[in-house]
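Asks: Residue numbers (the working numbering), protein chains in the order written: chain F, -18 to 100; chain W, 406 to 776. Ideal placement from N, C-alpha and C gives every residue a C-beta, glycine not left out.
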Ligand code: FES
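1. In the structure shown, what three-state DSSP assignment does residue 504/W receive?
2. Does any C-beta atom of chain F lie closer than 7 Å to the C-beta of residue 670/W?
3. Who are residue 22/F's beta bridge partners in DSSP?
4. Can you confirm whether residue 617/W, when its beta carbon is compared against all beta carbons of chain F, has any partner nearer than 7 Å?
5. Between which two residues does the alpha helix (DSSP H) harbouring residue 675/W extend?
6. Assess contact between the region 17 to 27 of chain F and the region 86 to 99 of chain F, defined as three or more Cβ pairs (one per stretch) separated by less than 8 Å. Is contact present?
7. Would you say the beta carbon of residue 49/F comes nearer than 6 Å to a heavy atom of ligand 1?
8. Could you name the residues that DSSP lists as bridge partners for residue 52/F?
9. Tell me whether residue 530/W is buried or exposed, calling it buried when 16 or more other Cβ atoms sit within 10 Å of its Cβ.
10. Return yes when the Cβ of residue 517/W is within less than 7 Å of the Cβ of residue 584/W, no when it is not.
11. Looking at residue 84/F and ligand 1, is the gap between the Cβ and the nearest heavy atom below 6 Å?
12. Contact criterion: CB-CB distance below 7 Å. Does residue 38/F meet it with respect to chain W?
13. What does the Cβ neighbour count give for residue 756/W, buried or exposed, with the cut at 16 atoms within 10 Å?
14. How long is the line joining the alpha carbons of residue 496/W and residue 685/W, rounded to whole angstroms?
15. Looking at chain F, which residues of the region 739 to 754 of chain W have a Cβ within less than 8 Å of any of its Cβ atoms?
16. Below 7 Å between beta carbons: does that hold for residue 506/W and residue 498/W?
17. So residue 47/F contacts chain W; which residues on that side make the cut at Cβ distance below 8 Å?
18. Pull the bridge partners of residue 738/W from the DSSP assignment, please.
19. Cβ of residue 481/W less than 7 Å from any chain F Cβ?
20. Cβ closer than 9 Å: which chain W residues qualify as neighbours of residue 69/F?
21. Run through chain W and tell me which residues come within less than 7 Å of residue 59/F, C-beta to C-beta.
22. With burial defined as no fewer than 16 other Cβ atoms inside 10 Å of the residue's Cβ, what is the status of residue 71/F: buried or exposed?
23. For chain W, find out if any of its Cβ atoms is closer than 7 Å to the Cβ of residue 66/F; answer yes or no.
24. If you measure beta-carbon to beta-carbon, which residues of the region 468 to 497 of chain W are closer than 8 Å to chain F?
25. One question on the structure: do residue 66/F and residue 629/W come within less than 7 Å of each other, judged by their Cβ atoms?
26. Return the Cβ separation of residue 727/W and residue 427/W in integer angstroms, given the expectation that the two are a contact with Cβ distance under 8 Å.
27. From the DSSP output, in three-state form, read off residue 710/W for me.
28. Would you mind stating whether residue 433/W and residue 508/W have Cβ atoms separated by less than 7 Å?
29. List in chain order: all unbroken beta strand (DSSP E) runs of 3+ residues lying wholly within the region 479 to 537 of chain W.
30. What does residue 41/F touch in chain W if you count any residue whose Cβ is under 7 Å from its own?
31. Can you name, in chain order, every residue of its own chain whose Cβ lies under 7 Å from the Cβ of residue 410/W, other than the five neighbours on each side?
32. Have a look at residue 615/W and residue 580/W and give me their C-alpha separation to the nearest angstrom.
33. Beta carbon of residue 67/F: closer than 6 Å to some heavy atom of ligand 1?
34. Within 10 angstroms of the Cβ of residue 94/F, are there 16 or more other Cβ atoms? Answer buried if so, exposed if not.
35. Could you have a look at residue 560/W and say whether DSSP puts it in helix, strand or coil?
36. My assumption, with CB atoms under 8 Å, is that residue 425/W sits in contact with residue 765/W. Please give the rounded CB distance.
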């Protein structure tokens, strides 16, 4: 049965920031991206680095979405693993370098001033 | 089905924690002011000046020349990629389950590109003495590589003799980035003589740089992906060929030779290429009594940056192509940007005995370490 865990107060994770919380033996990165909440494991699928200790930024894109021009994209949505700098798009859980690699995403819910993660 | 389960649970089942793990290549961060205490005048003054300059990753004006150019996009790793003390190194290595490690420098990776040979010698000598006092004597599980200044092989040989017999040092480090001439040249004979006499193997290690010497004219590329892809392996290939073509392994048969930070997948290519050339051009290298690959198969190779093919079993096949299981040494390159966690190499599908050799046994033999 999925359970909800209160992991933080909304005021503790202002927009554009994130924090690592512990639920049981799991470490989870909780991100507030423009008022939208995301929760992902603090474990990089590459070599098990502490992914959510990485910095948030945008990144460079080039493709149909950027009209086949080099452009700065996904500002505020990319977390870069501190170990070997693999980039992850937090809202989709996608690894930019290896599209077949995906992060597990935990559902979140805000209840009043509480941020909850559902496991 | 039952036998398979039994096999998995046999005492052969090592874990990273239970194995004796030697890390053949980790990097320490120099303290120019600390080194100044060991430098002869006037170079101590220069080092104290350098200590006042703000530094960047592997880039310290006055000490680590490299014509680096990168567009400053935000992002990238935010991890601290330097280690400043023996205790900090020990605790980082504890997290990696590393029992013994061989220390290489940060800024002095670029030592061969320092222009003033007198300063290069002062840097090497003060680093070696500082390293021994502040790192090796402080933490006996850390072992030293004795850096030479290739700009002055005679002075370097003197420094090797000065430290010969100090058990804290386990190899002589030949900085390969931007080195000219390449390490097969006869000018380096004093270094090989002194190293062989001291019973220390030599280890070549490069670093990414753009420099007007083969194979570092990397300004032809636009990205660091391109430059870094070739900087280390091209440099190791060039020096490997150079040592071979002048017969260093023949002239110094007892000299151990090691290669760091170039991965391993280029090694089978190089062996086959040299053997092929040898069939036609043996007369140019008459001192070789056997095909080149037979000599190089006696050398030792650090694993980092270990290749990450989609099929991990491919790495085992690559090792087979150069007898790598008998000569490869796990190396993490901690704490640098492209370090390998030992768990990855440990988890590759090697046989249990090959795994033990690669994770520590080979390095213990090469560096003459006690378990
Ligand atoms: S562990 Fe995250 S990029 Fe390697």
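Replies: Taking the geometry as given:
1. Here residue 504/W sits in coil by DSSP.
2. No, no contact with chain F.
3. According to DSSP, which records beta bridges pairwise, residue 22/F is partnered with 9/F.
4. By this cut-off, residue 617/W is not an interface position.
5. Start and end: 671 to 686.
6. Taking a contact to require three or more Cβ pairs closer than 8 Å, the region 17 to 27 of chain F and the region 86 to 99 of chain F qualify as touching.
7. Answer for residue 49/F: no, Cβ out of range of ligand 1.
8. 42/F, per the DSSP bridge assignment.
9. Burial call: buried.
10. Taking 7 Å as the cut-off, the beta carbon of residue 584/W is found closer than this to the beta carbon of residue 517/W.
11. When distances are taken from the beta-carbon of residue 84/F to the heavy atoms of ligand 1, even the shortest one reaches 6 Å or more.
12. Taking Cβ atoms only, chain W reaches closer than 7 Å to residue 38/F, which makes this a yes.
13. Label assigned to residue 756/W: exposed.
14. A direct Cα-to-Cα measurement between residue 496/W and residue 685/W gives close to 53 Å.
15. Within the region 739 to 754 of chain W, the qualifying residues are 742, 743, 744, 745, 746, 748, 749.
16. Result yes, Cβ atoms of residue 506/W and residue 498/W sit closer than 7 Å.
17. Chain-order list of chain W residues neighbouring residue 47/F: empty, with the shortest C-beta distance near 15 Å, by a criterion of under 8 Å.
18. Answer by DSSP bridge pairing: none, since residue 738/W is not bridged.
19. Answer yes: the Cβ-Cβ gap between residue 481/W and chain F drops below 7 Å somewhere.
20. Contact of residue 69/F with chain W by beta-carbon distance below 9 Å is absent, the smallest such distance being about 11 Å.
21. Correct list: 480.
22. Buried: at least 16 other Cβ atoms inside 10 Å.
23. Look at residue 66/F: its C-beta is under 7 Å from a C-beta on chain W.
24. Within the region 468 to 497 of chain W, the residues whose Cβ lies closer than 8 Å to any Cβ of chain F are, in chain order, 478, 479, 480, 481, 482, 483, 484.
25. Against a cut-off of 7 Å, the Cβ pair of residue 629/W and residue 66/F comes out as no contact.
26. Wrong, their Cβ atoms sit about 20 Å apart, outside the cutoff.
27. In the three-state DSSP reduction, residue 710/W falls in the coil class, being neither helix nor strand.
28. Yes, the pair counts as a contact, with Cβ atoms nearer than the cut-off.
29. You should have 505 to 509.
30. Here the neighbours are 478.
31. Its pLDDT being 34, under 50, residue 410/W is placed unreliably by the model, and the measurement read from it follows with that caveat. Same-chain partners within the cutoff: there are none.
32. Their Cα atoms are separated by approximately 15 Å.
33. Distance from the C-beta of residue 67/F to the nearest heavy atom of ligand 1 is below 6 Å.
34. Answer is exposed; the Cβ neighbour count stays below 16.
35. Helix, per DSSP.
36. Right, the Cβ-Cβ distance comes to about 4 Å (below 8 Å), so this counts as a contact.
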